[in-house]
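Enquirer:
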Amino acid sequence: MELFFIIFSTLIVSLISLVGIFFILLKEKTMNRVLLFFISLSAGALLSGAFFHLLPEAIHEENGKLMEIFFYFVFGYILFLFLEKIIKWRHCHDYKCKIHSFGYMNLIGDILHNFIDGVVIASSFLVNSNFGFLTTFLIILHEIPQELGDFGVLIYSGFEVKRAIFLNFLTAFTCILGGVAGYYFLGIFISFIPIFLSIAAGGFLY
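Numbering-wise, the working numbering comes out as the position in the sequence shown, counting from 1, plus 24.
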């Protein structure tokens, strides 16, 4: 049953990539207001998710080994920082971001980002279904402004609207691959779940 929930949840997250369709219907002023709202909402959601859900659950699963959890939490933060620098992925919170040569790099970053989201969702469902749905909800809140920004990057990198929507949608499906991979890997190595939850919390903080 966990695998069904994981595939269903990662599919919902993947479909968020289609918000780019609404992007072209909004005026600049309206779009900036919408982005600001969702960015603020997702920031608060990710912080609360990291400190009030992922970390407490990791501590519980690891029987209170605080130093070990803290180590992987910091490692997760540094890992996401390192990944961003490697792929030169820039956060775009305004759809007029001046990124013309980074369209394909942004797609590579999206593939990696969505795959990791899938693994995070899988690890959460392996704890319990309620925790999995909560994590999915937090990721959805984060994905809305993220996908709007990614779509804007593709458009202003020279992609046509239809092609940008298609490519954004295609890269989003790596979330499902990450979910399935996480289910089978973490299902075998169950002791890795608290470690991965701690790393995910560090990523949420970043």
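Glycine residues also receive a C-beta, built at the ideal position from the N, C-alpha and C atoms. Quantities reported herein were computed from a predicted structural model and do not represent experimental measurements.
#1: Identify whether Phe-213 lies in helix, strand or coil by the three-state DSSP scheme.
#2: Quick one: is Ser-181 near chain C, going by C-beta distance under 7 Å?
#3: Would you say Gly-203 and Ile-163 are within 7 Å of each other, going by their C-beta atoms?
#4: With a threshold of 7 Å on Cβ separation, who are the neighbours of Gly-100 within its own chain once the five nearest residues in sequence on each side are excluded?
#5: By how many angstroms is the C-alpha of Tyr-230 removed from the C-alpha of Phe-213?
#6: Grouping DSSP H, G and I as helix and E and B as strand, with all else coil, what is Met-91?
#7: Exposed or buried, Leu-105, counting other C-beta atoms within 10 Å across all chains shown (16 or more means buried)?
#8: Since Ser-147 contacts Phe-220 with CB under 8 Å, what's their CB separation in whole angstroms?
#9: Confirm, please, whether the CB-CB distance from Val-37 to Glu-184 is below 7 Å.
#10: Which word fits Asn-192, buried or exposed, when buried means at least 16 other C-beta atoms lie within 10 angstroms of its C-beta?
#11: In whole angstroms, what is the alpha-carbon distance linking Ile-132 and Lys-186?
#12: My assumption, with CB atoms under 8 Å, is that Ala-205 sits in contact with Val-143. Please give the rounded CB distance.
#13: Give the secondary structure of Tyr-128 by DSSP, where H, G and I count as helix, E and B as strand, and everything else as coil.
#14: Assign Phe-197 to one of three DSSP states: helix, strand, or coil.
#15: If we ignore side chains and look at the alpha-carbon of each, how far apart do Phe-209 and Ile-40 end up?
#16: Check each candidate in His-84, Ser-215, Phe-216, Gly-211 and name the one with the smallest Cα separation from Met-25.
#17: Name the two residues that bound the continuous alpha helix (DSSP H) containing Leu-79.
#18: Hey, Glu-171 and Val-43 are a contact pair by Cβ (cut 8 Å); roughly how many whole angstroms apart?
#19: Excluding five sequence neighbours on each side, which residues of the same chain lie with their C-beta closer than 7 Å to the C-beta of Leu-35?
#20: Kindly provide the ranges of any alpha helix (DSSP H) runs that are 4 or more residues long and lie completely inside the segment 132–165, ordered along the chain.
Expert: A quick look at the data gives this:
#1: Secondary structure of Phe-213 (DSSP, three-state): coil.
#2: Protein chain content of the structure displayed is limited to a single chain, and chain C is not contained in it.
#3: With respect to the 7 Å criterion, Gly-203 and Ile-163 are not classified as neighbours on the basis of their beta carbons.
#4: Excluding positions up to five away in sequence, the list reads Ser-222, Ile-223, Ala-224, Ala-225, Gly-226, Gly-227.
#5: Distance between the alpha carbons of Phe-213 and Tyr-230: 26 Å.
#6: In the displayed model, Met-91 falls within a helix according to three-state DSSP.
#7: With fewer than 16 other Cβ atoms from the protein chains shown falling within 10 Å of its own Cβ, Leu-105 counts as exposed.
#8: So it is a contact: roughly 5 Å between Cβ atoms.
#9: The Cβ atoms of Glu-184 and Val-37 lie no closer than 7 Å to each other.
#10: Asn-192 comes out buried.
#11: Going from the Cα of Ile-132 to the Cα of Lys-186 covers about 19 Å.
#12: Right, their Cβ atoms sit about 7 Å apart.
#13: Residue state, collapsed to three classes: helix.
#14: Phe-197: coil per DSSP, three-state reduction.
#15: When rounded, the distance between both Cα atoms is 26 Å.
#16: Checking every option, the nearest Cα to that of Met-25 belongs to Gly-211.
#17: Per DSSP, Leu-79 belongs to the alpha helix (DSSP H) from 79–85.
#18: The beta-carbon distance between Glu-171 and Val-43, rounded to whole angstroms, is 5 Å. This is short enough to meet the 8 Å contact definition.
#19: Excluding positions up to five away in sequence, the list reads Ile-200.
#20: For the segment 132–165, not a single whole alpha helix (DSSP H) run of length 4 or above is found.
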